[in-house]
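In what follows, a single structure is set out as structure tokens and then discussed.
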Amino acid sequence: MSEKNQFSEELAAFYEASHDYGDIGDESFYLNAATSTDGPVLEGACGTGRLYLELLRQGVDADGFDVSPEMLEILREKAATEDVTPTVWQADLRSIGASRTYSLALVPYNSFCNLREVDDQLAALKAFHDVLAPGGRLLFDVYVPRYDVIAEAVGEWQEIQEVEYKGTLLRGRSKATIANQVEQTYRAEQELLDTDGDVVARDEFVLSHLPPQQVDLLARQSAFKQWSVWGGFNREPLTDGDSVQVWELVK
Ligand SMILES: C[S@@+](CC[C@H](N)C(=O)[O-])C[C@H]1O[C@@H](n2cnc3c(N)ncnc32)[C@H](O)[C@@H]1O
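For reference, each letter of the sequence shown is one residue, going 1 to 251 in UniProt numbering.
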């Protein structure tokens, strides 16, 4: 198994602040799938609960897990301010450790890209297959690795936004560089800077591109019975120019 990508407390807070702006295009897709499913739902890599808490608000019987205690802490703090009770735990996509089976499992927002090696990716598919009831579905989305987007973004710091953390205003920025040309992995660096320009927090993740042919091969190697892919959250076919691949694997 390759190493895990882990958020620091500061960068977890920054993730929450920079993603706390509602629907990024996937919300109604995952919510509709969850509310139209009979039986419990599991969100893998649920992070700070952007979608997971919405599932609870909609009355879905949902559990969640994430590898990062810092992200889960923020999720729990948010839940404590509302009338919802989360059932979340710390676990890896490759070894879920659930105590019940699910009708539907979700892994939104590129989280599968944290799995760098084929063995990791297959282990995650097996882990989800194991926790799904017969006929259960795994839904996840990953970006389409597009040459134009990669060429434009690689190596340049991208300013994200300012966020207040423990009373101090911090500026976030991110940069992608090639981690391993042969393995097709890249390094996503994130930094938080104070008003003097000093770096106060820094995280580095190694992520993997997952072109559709590779996901298709993974599905073929898995125990899932059937699978399909769409080129967006409206379930239109995946075609050239699309930027997201949305996969459904059925047990
Ligand atoms: C892009 S965020 C998505 C969070 C949430 N699903 C959302 O849509 O906002 C990716 C999440 O994957 C988690 N993660 C990374 N590697 C993981 C692993 N191996 N197992 C479980 N979670 C992982 C990170 O901690 C982070 O919370």
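By construction, the Cβ of each residue, glycine as well, lies at the ideal position given by its N, Cα and C atoms.
In this text, all values refer to a predicted model and were calculated from it rather than measured experimentally.
Distance CB(residue i)-CB(residue j) smaller than 9 Å
i	j	result
residue 40	residue 101	yes
residue 51	residue 114	no
residue 154	residue 176	yes
residue 219	residue 104	no
residue 249	residue 214	no
residue 84	residue 65	no
residue 247	residue 131	no
residue 109	residue 240	no
residue 36	residue 233	no
residue 144	residue 228	no
residue 10	residue 165	yes
residue 187	residue 204	yes
residue 111	residue 45	yes
Residue i in three-state terms, based on DSSP
i	result
residue 192	strand
residue 56	helix
residue 240	coil
residue 63	strand
residue 132	strand
residue 7	coil
residue 84	coil
residue 198	coil
residue 220	helix
residue 215	helix
residue 112	helix
residue 124	helix
residue 51	coil
Own chain, CB closer than 6 Å to residue i, minus 5 neighbours either side, in chain order
i	result
residue 252	The structure shown has nothing for residue 252, since the chain only spans 1 to 251.
residue 106	30, 43 and 139
residue 123	94
residue 252	The chain is shown only over 1 to 251; residue 252 falls outside these bounds and no answer can be derived.
residue 63	42 and 87
residue 91	65 and 97
residue 5	114 and 205
Cβ shell of residue i (< 8 Å), same chain only, five flanking positions each side left out
i	result
residue 12	48, 68, 70, 71, 73 and 74
Closest residue to residue i among the options (Cα-Cα distance)
i	options	result
residue 38	78, 136 and 57	136
residue 170	97, 189, 119 and 17	17
residue 134	251, 7, 15 and 8	251
residue 79	56, 14 and 159	56
residue 235	5, 209, 32 and 164	32
residue 182	60, 117 and 8	117
residue 216	125, 167 and 61	125
residue 15	163, 53, 76 and 61	163
residue 189	197, 120 and 157	157
Residues of its chain near residue i, where Cβ-Cβ distance is below 7 Å and the 5 sequence neighbours each way are ignored
i	result
residue 195	169
residue 129	222, 223, 224 and 251
residue 238	212, 229, 230, 231 and 245
residue 161	18 and 172
Q) Enumerated in chain order, which unbroken segments of the beta strand (DSSP E) with a length of 3 residues or greater are wholly contained in the region 151 to 192? A) 158 to 165 and 168 to 180
Q. Which runs of the alpha helix (DSSP H) spanning at least 4 residues fall entirely within the region 20 to 45, listed in chain order?
A. 27 to 35
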